[in-house]
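Here the structure comes first, spelled out in structure tokens, and everything after it is commentary.
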Amino acid sequence: MEKISVKVCLGTTCFVMGSANLQELIDIVPAKYGDKVDVSGVPCLGLCSTDWEFSKAPYVKVDNDIIKEATVEKVLSAINAKLESK
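If you read the sequence shown in my numbering, its first letter stands for residue 11, the second for the next number, and so on.
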């Protein structure tokens, strides 16, 4: 089975808006899902710049799905949904 890719945006806007709290995923995900999921922080996903006025930072990408106003709970829910569909 191909690993699920989780990319946490650590750009300035996302970091200030809460992605700093999402860094705990780096510890939670391997403990919960083993080698089925790969989590990494990325410098910037460039998503808030596409529509700054309505920015929904912080952003996380789970495979190709974008999670707006991401929380640990939302990301874990998206990972669970992906694993169930595989």
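From the three backbone atoms N, C-alpha and C, an ideal C-beta is built for every residue, glycine too.
Length of the line joining the Cα atoms of residue i and residue j
i   : j   : result
V39 : L20 : 17 Å
Y69 : E94 : 22 Å
S65 : C58 : 5 Å
M27 : A41 : 26 Å
K78 : L32 : 13 Å
T60 : D75 : 16 Å
T22 : C54 : 8 Å
Neighbour-count burial assignment, residue i, 16 or more Cβ in a 10 Å radius
i   : result
S50 : exposed
A91 : exposed
K13 : exposed
S87 : exposed
A30 : exposed
Contacts around residue i, its chain only, beta-carbon distance under 6 Å, and the 5 residues preceding and following it disregarded
i   : result
I36 : V49
Cutoff 7 Å; reference residue i; Cβ partners in own chain excluding five residues on either side
i   : result
Y43 : I89
E34 : V82
C-beta contact flag for residue i and residue j at 8 Å
i   : j   : result
V85 : V16 : yes
V18 : V52 : yes
Same chain only: Cβ atoms within 8 Å of residue i, ignoring 5 sequence neighbours per side
i   : result
A80 : V18, G28, S29, L32, P68, Y69 and V70
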